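Data first, discussion second: the structure below is written as structure tokens.
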Amino acid sequence: AQSVSQHNHHVILSEAASLELGCNYSYGGTVNLFWYVQYPGQHLQLLLKYFSGDPLVKGIKGFEAEFIKSKFSFNLRKPSVQWSDTAEYFCAVNAVNYGQNFVFGPGTRLSVLP
Amino acid sequence: GAGVSQTPSNKVTEKGKYVELRCDPISGHTALYWYRQSLGQGPEFLIYFQGTGAADDSGLPNDRFFAVRPEGSVSTLKIQRTERGDSAVYLCASSPDGLDRYTQYFGPGTRLTVL
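Heads up: the protein sequence lines correspond to chains P and F, in order.
Counting in my numbering, the final residue of the first sequence is number 134, and the numbers go up one at a time with none missing.
Counting in my numbering, the final residue of the second sequence is number 116, and the numbers go up one at a time with none missing.
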């Protein structure tokens, strides 16, 4: 069975600090990878996605993620966080051979201090 | 345009009762997903519809849970004989056909509390 782990439960940063949130998955086949964000009081929304091609993908609001196949990782990064980035971040994996079944990680709560 | 909507936003029920949760997907989206999210956890896949049929129901925890999508748009998640452990936020998402079919658009969720 597939699983997704996210290394940090809660990350606290000051504004302008750099961010890296870890995501690892367990599945040896072809995968589609996603990061979703949930701002306080709002719906889950897609931040970025990787299907194939360039392993470095750019998303909205200055976020990017790098797929490293050998490490089964898809870490999320942002060079300089803002207070408005305070949210819960979820990594999700879709194993291509499993159709449209998505497995989400437990989430990382990011708090950015002004 | 209108996003995914879910009703009710909150539902409080007593142990043993039957509940129905409704999801209105984005118009034209053929795929519809149900997830359950417990406190401090990520969304847990329950079931996925492609059109009217359940393409994958492997995430339904037991036979007390059932979902339908009779006309390929609105879906209802039905829970019989509710238990306290069913308390969670139930999320619905939809996605279109084609190249964007893996992008899910989520609704606000229904918070179910079983007393």
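Every residue gets a Cβ at the ideal spot worked out from N, C-alpha and C, and that includes glycine.
Just so it is clear, the structure is predicted and the values come from calculations on it, not from any experiment.
- Membership of S59(F) in any beta strand (DSSP E) is not indicated, and neither H nor E is assigned to it by DSSP.
- Annotation for V31(P): the continuous beta strand (DSSP E) segment containing it runs H30 to S34.
- Cβ contact annotation for L100(F) (same chain, cutoff 7 Å, sequence separation greater than five): none.
- Taking a cut-off of 8 Å on C-beta distances, the segment 67 to 86 of chain F touches the segment 11 to 19 of chain F, as three or more cross pairs fall below it.
- For the segment 32 to 60 of chain P, the residues whose beta carbon sits under 9 Å from a beta carbon of chain F are, in order, N52, F54, Y56 and Q58.
- Under DSSP, W35(F) forms a beta bridge with I48(F) and C93(F).
- In this structure, the beta-carbon distance from W35(F) to A56(F) does not fall below 8 Å.
- Chain-ordered, the chain P residues with CB closer than 8 Å to the CB of S59(F) read N121.
- Contact of Y49(F) with chain P is assigned, a C-beta pair being separated by under 8 Å.
- Under DSSP, C24(F) takes part in a beta bridge, and its partners are Q7(F) and S76(F).
- In the structure shown, the three-state DSSP call for Y103(F) is coil.
- Interface residue (Cβ-Cβ distance to chain F less than 8 Å): F83(P) is not classified as such.
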